[in-house]
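Below is one structure, written out as C-alpha cells; the observations come after it.
There are 2 protein chains.
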Amino acid sequence: MHRTHTCGELTLADLGKTVTLSGWVQKSRDLGGMTFIDVRDRYGITQLTFNADDDASLRTSARELGREYVIKVTGEVIERSNKNSKIPTGDIEIKVSNLEILNAAKLPPFTIEDETDGGDDIRMKFRYLDLRRNPVRENLILRHRTSQEVRRYLDSQHFLEVETPYLIKSTPEGARDFVVPSRMNSGEFYALPQSPQTFKQLLMVSGFDRYFQIVKCFRDEDLRADRQPEFTQIDCEMSFVEQEDVLNIFEGLAKHIFKTIKGIDLGSVPRMTYADAMRLYGSDKPDIRFGMQFVELNDVAKEKGFPVFDAAELVVGINAENCALYTRKQLDALTDFIKRPQIGATGLVYARVNEDGSVKSSVDKFFSPEQLAAIADKFHAKPGDLLLIMAGSKDKVRKQLNELRLEVATQLGLRNKDTFAPLWVIDFPLLEWDEDNARYHAMHHPFTSPKPEDIPLLDTNPGEVRANAYDFVLNGVEVGGGSIRIHDKELQSLMFKHLGFSPEEAQKQFGFLMEAFTYGAPPHGGLAFGFDRLVSLLAGLDSIRDVIAFPKNNSGRDIMIDAPSTIHQEQLDELSLKIDIK
Amino acid sequence: MHRTHTCGELTLADLGKTVTLSGWVQKSRDLGGMTFIDVRDRYGITQLTFNADDDASLRTSARELGREYVIKVTGEVIERSNKNSKIPTGDIEIKVSNLEILNAAKLPPFTIEDETDGGDDIRMKFRYLDLRRNPVRENLILRHRTSQEVRRYLDSQHFLEVETPYLIKSTPEGARDFVVPSRMNSGEFYALPQSPQTFKQLLMVSGFDRYFQIVKCFRDEDLRADRQPEFTQIDCEMSFVEQEDVLNIFEGLAKHIFKTIKGIDLGSVPRMTYADAMRLYGSDKPDIRFGMQFVELNDVAKEKGFPVFDAAELVVGINAENCALYTRKQLDALTDFIKRPQIGATGLVYARVNEDGSVKSSVDKFFSPEQLAAIADKFHAKPGDLLLIMAGSKDKVRKQLNELRLEVATQLGLRNKDTFAPLWVIDFPLLEWDEDNARYHAMHHPFTSPKPEDIPLLDTNPGEVRANAYDFVLNGVEVGGGSIRIHDKELQSLMFKHLGFSPEEAQKQFGFLMEAFTYGAPPHGGLAFGFDRLVSLLAGLDSIRDVIAFPKNNSGRDIMIDAPSTIHQEQLDELSLKIDIK
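Chains as they are written, first to last, in my numbering: chain A, 1 to 582; chain B, 583 to 1164.
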C-alpha cells in the first residue's frame, strides 16, 4: 500500500490519524532543529515535518532529499501553527514517523514551478517534466473534462460515437495526406484520414441518424505555430436535417460546454452571413467581443479631390472611440503596422473629432470641414473619437482594415480572454477561385451542397454560388465548420465536374460514395469542431500546443522520443520500398 | 423540417396529431384499395396507410415506392385495427396526406433484414447497406454505450483521458509496426503505435497519477479471423499502486460495464496463478464457465505396464460427467479431433464408469479393475461418467487436453454465451523462451517488473522468474492484461540486457524512457482491455469484425473504399521513396 490518502485531501477533520502519503518533493527547508518538506502529487501539496528531537536520523534522511525525489511517508496528521490559507491542506501537517525513498531524482533541467526558467526546446525535450507543472497539467485536465462533457451532451442528444478507420485511402484533393505503405499489398498505400468525412456520410446512408466521434486527424502540411500534423476533431453528422437543425444542436453543445466547464451562460449565438462578415469586419471569422464595425465611405469620401480615395474601389474605416488623444507616434506605429509586408497596405488616413465637434484629419487639404463632418457623421462619431480610414480594392482593403481593427482592439484591451463572443457565420460561398491553378476549388469540401436557388449560377457565375455551409467562430477564431451535404449522385457528379475532376478521377476516388447515394441516401449534414482549438480558447491560451500532451515541433518532430527516425533495412525490404533522396 | 417525430416513438397517446416522418421504405403491401408501407429509421418502424378512396393519385405514388427509397410523409396518427404488439408503434398508423420522395434507391444487392441472403464479401463491399440491418447496428450501439460507461466509470475514479500521439517511433521489438514516411525529414519514418505504452508510463513520471484512453492501436501482422490491423484498446495506467490495487479498480470497471450494459451482477472475480491455470486447465486463459478441471494421474496410471503412459512425462485427464453413454462413433470423433495437425495428439484413452461402479476402459488389458477404480477415484467419478485421459510431455499434453476439454464442453452445451465467468490470471512468467531465435523474450513486454523475490533467478533460471503481470480472462478469452512496470533505470537496463538488447540499442530505442526514470519516476502499473473483444463478448459474437463499423478483410483491405491503393508519383517523390518490388 503506497498511500492511504492523496496529498490534496487532509484537513483538520483528519487530526490524529496515522496516514501514508506518496509523492514528489516540491521543496524543503530547515528551521532550527526541524525540516519541513512539501510533498506534491496531482491532487495537491501537503507539508511534512521532521523534528530532530523526535528522531535525529530520520531528520537527517529528510535533509538529504532532493527536489523531485519520490517518497513515501507515514505519520500523524497534526495542526499547523503557521497555517497556509492558500491551499486546502494548509491547516495541517504530517509529523513523519517513517520515510521511504521510492525513487531518487536528478536535478531537473528546469524548475518545476508555475513559472519556469526552461526555454521551449528544453521543455519539449523533457516534456514529461514540463507536464509536472501545474498550469500544463491543468490544461490537460481541462481537456479531459471538456471531452467528457462533449460526450455527455451528444449522448444525451442520441448521437452514437462510431469509430471510423485510420487506415484509409489517399485522395489528392485538399491538403497533403500522410501515407502508410502496405506490406501485404506491395506498392500500395493507406492514407491517414484528414477527417472521417466520407465515412460519416456513409454512416448516414446506413441510417445511423446521428453520429459523432472525438477523433485524431492528420495533415502533412508545413507547420505554423498553431498547426500540428496530428490534431483532434469533434466530428458530427446528422440525417434528415436542414442547416437550422445543425446550428441549433451545436449551439446547444457550445452552451453546454461553457456552462459546465467555465460556469458561463453563453446566451444565444448570433448569425451573420459571410457577405455581412466581410462587409462589416473584413473577415470570415470576426471577433465580435467589441464593435468597431466597418463604415463604408464611398459616397462621402470619393470624388472630393483626394486621388487615393478617388482611385480606390472602396474607402472604408473604423471608429476607435475615445482615441482622439492618440499621439503622432502611436498613429505612425499603426501606419507602419499596416504597411508591413504581411498586410501590405499603402497608407492610413486618420481623423480626430475634437471636443468642439470639429474634425482634424491627415487629409485636411483635400476635404472641407463640412465634408469631414459628413464623414464623421457616417461613423456616428462623438468628440474624442479617432477615425481610421483606408482605401483600395474591395477585397484587399477589407482584409487590411480587419488587421488594423484587431490591432487597435488589442491595444485598447478589448480582446479579453475571459470574455467569450460566439458567432455563426453562414452562407459561405461554395467555390473559391484558386489563382495558382486557375480554377475553382471547394471552399469547404467537395461534398458541400449549394443553395438550391443558386445552382443555376454554377454555369454562369460560379463564384457567386452560396453553399449551405457555416462556421462556428469564437472570439475571432474559427472553432468549427460544416455544411449540409450533397446526397444525390447527379448533383455530386456535377460538383466534381465543376471542381475539375474528370469523370474517371471522380469515379476512382469517390465512386464508392456516389454509388452509396444510389441506394437511398437521406438528406444529411454536420460539422466538425477543432477540439485542440476549442480547449485552448477555454484555457485562455494562444497556442494549441499547450493543450496537447505530447506535441510535435515546427519540423513535425517529437524531440522527446526522437521521431521520426530511420528504420531498419528489413522493414524497408518488407514494404518493397527504397529511399531515394535527390 | 424533415420530421416532427422519429419512426419509433408514436403511440396511442399521439392519436389525432398531424406528424411528419422521414425514413426508408422497409416493405410495402397492397390490400384491396389500400397500400400499407412500413417506414424505418434508426429508432423503429411505423406503418403508413394510403387509401385509394381518399386520394387515388397519392395511393398510386405510394405503390411505386421501392424498397429502401427515402421518403418523407405527413399525415394523421390513427389507431390500427390490426395491432402489432411486437413493436412500440404497433398500436398506431399514419394516414398519409402528403408523400415526398427524398431519394430513390436501387434494389440492394442483398436483403436488409435481420437474416440476410448476402455473403461475406458482398456485405463487406456494401458495408453501408449491411450496417442498415438491425443486428449490425445494435452491435455498434452496444459499442457506443459500452465506451460511454467505460468513460463514466474511469472518470468517477479520477482517471484522466489523455490523448497520446499516433505518429511515434518505430521499435522493432514485438510485432511489426506500420510506418509513416516523413516528408519534412527525408528518409525518416514515424510508426503508428502498437500501444501507447511508453507514453502512458511517461504520464506517470509526469505525476498524472491515473490515465486512461480508449485508443486505436496498430499491428502489421498477418491477419487471422479475429485480428484487425487497427484495433481499439481501453488503455490505463496508475501510480503508487501494487498489483492488488490495479486488479481491484479494473474488476470494478468490469462489474460496472456488466451491470449497466447487461444488467448482470458479475460478482467478485476469482484469481488464479498462471501455474494453477496451466495445471488445472492447460491454458493461461481458462474458460471457467464449467468445471472439468484436469486430474493428474501419474501416481495411479504410470508403471502399470501401459507403455504410452509409462513413457509420458504426464498422464492427465478430465471427467466428462454423465457421458458414459457416448457412442463409439462419438469417441472416435473426439480422438480424430485431438489428432488433427493443429492439436497433434497421438491418442485418447477413455474409461466409462458403469452403473454398478465398475470401470470399462480402452486400455483394460493393461490395467486391473482395481487399478482402474483407483484412477476413477482420482476423478471422483460417479456411475455414468466418462473419463478422457491423455499422456505426453507436460507442456504439450496440457495444451492438447485443453482443446479436448473445450470441445467436449461445447458439445455438452456448457459454453453458453449468456453466462459470463471472469477470472484474473496472475503471476505470469516474466520471460518466454523463443525457439526460433534461441533467446528469451518478454512474455508481456520489456517494461514489466519481475517479482522482487525472483530477481536472483534472472541469472540462474530466467524461465522461472515470475512477473507482476496479470490477464483478465472472460469465458476463455483474454480480454486484457497488464503489469506493474519497472520504474528504476538500473532494473530496466538489466531487463533489456536479458532480452538481448545491446546497451546501444536499448539507449537508441528507449533512452528517453530510461532517462525519464532518473527524474523521479513513481511506482506504477496498469493494463489494457481489448475493446473490440470486450464488446464482441458482450454482444455474444465470435468475431471482433462484427463490432467494428468498417473492418478490413483478411488481406488488410477495405474493399468498400478499395484501400490500400496506389498513390501518385508526386507523392512518392515528395517522400523521397521508390517502389522496389522484388
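For each residue, glycine too, the CB sits at the ideal point set by N, CA and C. A quick note: this is a predicted structure, and the numbers were derived from the prediction, not measured.
- Those residues of the region 585-616 of chain B placed with their C-beta closer than 7 Å to a C-beta in chain A are ARG585, SER604 and TRP606, ordered along the chain.
- Interface criterion met: the Cβ of A:MET1 is under 9 Å from a Cβ in chain B.
- At the C-beta level, A:SER170 and B:ILE839 stay beyond 9 Å of one another.
- By the neighbour-count criterion, in which a residue is buried when 16 or more other Cβ atoms sit within 10 angstroms of its Cβ, A:ILE581 is exposed.
- Every beta strand (DSSP E) of 3 residues or more that sits fully in the region 780-844 of chain B is shown, in chain order, as 792-800 and 812-821.
- The beta carbon of A:HIS444 does not come within 9 Å of any beta carbon belonging to chain B, so the residue lies off that interface.
- Rounded to the nearest angstrom, the gap between the Cα atoms of B:PHE872 and B:LEU983 is 15 Å.
- Residue state for A:THR164 is assigned as coil, using DSSP reduced to three classes.
- Listed as beta-bridge partners of A:PRO564 by DSSP are no residues whatsoever.
- Here A:ASP532 is near A:GLN228, since their CB atoms are less than 9 Å apart.
- For B:LEU1012, the closest alpha carbon among the candidates B:ASP1000, B:PRO717, B:LEU1081 and B:ALA973 is that of B:LEU1081.
- Every unbroken stretch of the beta strand (DSSP E) spanning 3 or more residues and falling wholly within the region 713-772 of chain B is given here in chain order: 761-763.
- Three or more Cβ pairs drawn from the region 893-903 of chain B and the region 965-982 of chain B lie within less than 8 Å of each other, which places the two stretches in contact.
- Collapsing the DSSP output to three states places A:MET443 in coil.
- Within the region 811-839 of chain B, contact with chain A at the beta-carbon level (separation under 9 Å) is assigned to PRO811, GLU812, THR814, SER821, PHE822, VAL823, GLU824, GLU826 and ASP827.
- Rounded to whole angstroms, the separation of the alpha carbons of A:THR346 and A:THR335 is 9 Å.
- Distance check between B:ASP1016 and each of B:SER943, B:ASN998, B:LEU994 and B:GLY756 places B:GLY756 closest, using alpha-carbon atoms only.
- In this chain, the beta strand (DSSP E) harbouring B:PHE618 covers 616-623.
- Taking each of A:ILE37, A:LEU572 and A:ILE484 in turn and checking the Cα distance to A:ILE94, the smallest one comes out for A:ILE37.
- When Cβ-Cβ separations below 9 Å define contact, B:GLN730 makes contact with chain A.
- Judged by their CB atoms, B:ILE831 and B:GLU731 are not nearer to each other than the 9 Å cut-off.
- Counting along the chain, B:ASP1016 sits inside the beta strand (DSSP E) bounded by residues 1013-1016.
- Interface residue (Cβ-Cβ distance to chain B less than 9 Å): A:SER195 is not classified as such.
- Approximately 6 Å separates the beta-carbon atoms of A:SER483 and A:ALA467; this is inside 8 Å, confirming the contact.
- Look at A:MET272 here: in three-state DSSP terms it is strand.
- Taking a C-beta distance under 9 Å as the contact criterion, A:GLY23 and A:CYS7 qualify as a contact pair.
- Closer than 9 Å to the CB of B:PRO1104 there is at least one CB belonging to chain A.
- Cβ-Cβ distances below 8 Å link A:TYR519 to VAL205 in the same chain, with the five nearest sequence neighbours on each side left out; the list follows chain order.
- DSSP places B:MET972 outside any alpha helix (DSSP H); the residue lies instead in the beta strand (DSSP E), whose first and last residues are 968-974.
- Residues of chain A with a Cβ closer than 8 Å to the Cβ of B:ASP635 do not exist, since the nearest Cβ in that chain sits about 30 Å away.
- Closest option to A:ASN298, judged by alpha-carbon separation, among A:SER182, A:LYS339, A:ILE389 and A:ASN437: A:ILE389.
- Here B:VAL718 has ASP712 and ASP1128 as same chain residues with Cβ atoms under 8 Å from its own Cβ, once five neighbours each way along the sequence are excluded.
- Note on the region 451-493 of chain A: whole alpha helix (DSSP H) runs with a minimum of 4 residues are 457-460, in chain order.
- When C-beta distances to chain B are compared with 7 Å, the residues of the region 69-89 of chain A below that value are TYR69 and VAL70, in chain order.
- The shortest C-alpha to C-alpha distance from B:SER1125 to any of B:GLY1093, B:ASP808 and B:ILE723 is the one to B:ASP808.
- Excluding five sequence positions before and after A:ASN354, the CB atoms of its chain that fall closer than 8 Å to its own CB belong to ALA324, LYS360 and PRO383, given in chain order.
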